[in-house]
Every structure is written in structure tokens, then in C-alpha cells.
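First up is the structure itself, then whatever we jot down about it.
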Amino acid sequence: MPAPIVFRSVWVCEVGVQAVDRSGVISDSELQQALSNGTWTPFNPVTVRSVISMFDRENKGGVNFNEFAGVWKYITDWQNIFRTYDRDNSGFIDRNELKQALTGFGYRLSDQFYSTLIEKFDRQRKGQVAFDDFIQCCIVLQRLTDVFRRYDTDQDGWIQVSYEQYLSMVFNIV
1 MPAPIVFRSV WVCEVGVQAV DRSGVISDSE LQQALSNGTW TPFNPVTVRS VISMFDRENK
61 GGVNFNEFAG VWKYITDWQN IFRTYDRDNS GFIDRNELKQ ALTGFGYRLS DQFYSTLIEK
121 FDRQRKGQVA FDDFIQCCIV LQRLTDVFRR YDTDQDGWIQ VSYEQYLSMV FNIV
């Protein structure tokens, strides 16, 4: 049976208060310790850094306690989305559940591409993605889509870019 996807609520609040009392900033490692991905493994550090970067308005490498409230809501919202699409309550999103989720978000992708996404974001190599990896998959897909749309001026799903433009697009994501 998979571990539940939970926030260590009291501990998160204590970490937040301790971090603010000590440094004024909740770091990625402190946030990682406060989160559970439901697999009894550490929360994906890349996901943690991605989330912090969205809320770190001053580029200080972490979030202050007020910004932390936004992080908390963001993660909670993703938790609700994950549970909606984890139809078998396994604690993981399989290929079909991922397809349902992303289709629900408006993406129209090939079956082959869903397999590519599972391969890319399945850190445990089980043919499915955990909660934190699901968030990372969605963040990366949204960022890539945003960059693509800047070049797809006629919105036909096709762009023509030079090699350097392509590299710039990718480096702005990673």
C-alpha cells in the first residue's frame, strides 16, 4: 500500500516559523523536508526548486513566510488535482491517468508522447509518476508550451526556429 500523500502540517508550520525566526527565508531543503510525495522518498528536489522559483519574488533562493502561504496553496491545489486523476487511488498516476489529466487541462498529445512523459518523469521506474513528479511534469509542460506559443504566432501548432532560438527556448526552461 502506498504512503499517503500528506503535508506534515504541524511540522511545515514549525519549519516555516523556525526558518523565518532564524533566516527569514524557507529554503528548498527546508521545504523538501516538510513535504511528502506519498512514496516514502524525499520530495523531488527539482520540483521543490521549481515551486520556490515561482513564489520567490526577490530571487533570494527561498520564500519568506508570506510567500510560503502561496506555496502551500499551490501544493494543496496540485494535491487535489492529483487525487482527482489518481482514479485507482494507488498514489501514482499511470499513463492513462496522465492522459486524462493532461487532456482535461486542454493538451492534445499522441499516445507515444504520453509514454515519453512517463519515461521522463517516472523517477522510480514503475511506469507511473508520483505526486511530486506529476507536479514537475505539469510545470515543465506548461513552461515549454508558453515558450512555444510565443513563436506560434498563427496558433497552428507549428513553428520555425533557428538552432539558437531553439536552444534559447530550452535554456529558459531548464
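Under full-length UniProt numbering, think of the first position of the sequence shown as 1, with each following residue one higher.
Each residue gets a CB set at the ideal place from its N, CA and C atoms; glycine is no exception.
Shown here, Leu98 sits in a helix according to DSSP, grouped into three states. Segment contact: the segment 45 to 61 against the segment 27 to 36, three or more CB-CB distances shorter than 8 Å; contact assigned. Taking each of Gly91, Phe171, Gln165 and Ile52 in turn and checking the Cα distance to Gly127, the smallest one comes out for Gly91. When the five nearest sequence neighbours on each side are left out, the beta carbons in the same chain lying within less than 7 Å of the beta carbon of Val147 are those of Met169, Asn172 and Ile173, in order along the chain.
The three-state reading of DSSP puts Gln128 in strand, counting E and B together.
The beta carbon of Ser50 is closer than 7 Å to those of Gln136 and Ile139 in its chain, skipping five residues each way along the sequence. Linking Asp86 to Glu97 through their CA atoms gives a straight-line distance of about 6 Å. The straight-line gap separating the alpha-carbon atoms of Glu164 and Arg57 is approximately 29 Å. Excluding five sequence positions before and after Arg125, none of the CB atoms of its chain fall closer than 8 Å to its own CB. By the 16-neighbour rule on beta-carbons within 10 angstroms, Glu67 is buried. Taking 8 Å as the cut-off, the beta carbon of Val63 is found closer than this to the beta carbon of Ile52.
Inclusion of Ile93 and Val129 in the CB contact set at 8 Å is warranted, their separation being smaller than that value. In the DSSP assignment, Gly62 forms a beta bridge with Ser27. For Ile159, the secondary structure class from DSSP, reduced to helix, strand or coil, is coil.
The beta carbon of Ala101 is closer than 6 Å to those of Tyr85 in its chain, skipping five residues each way along the sequence.
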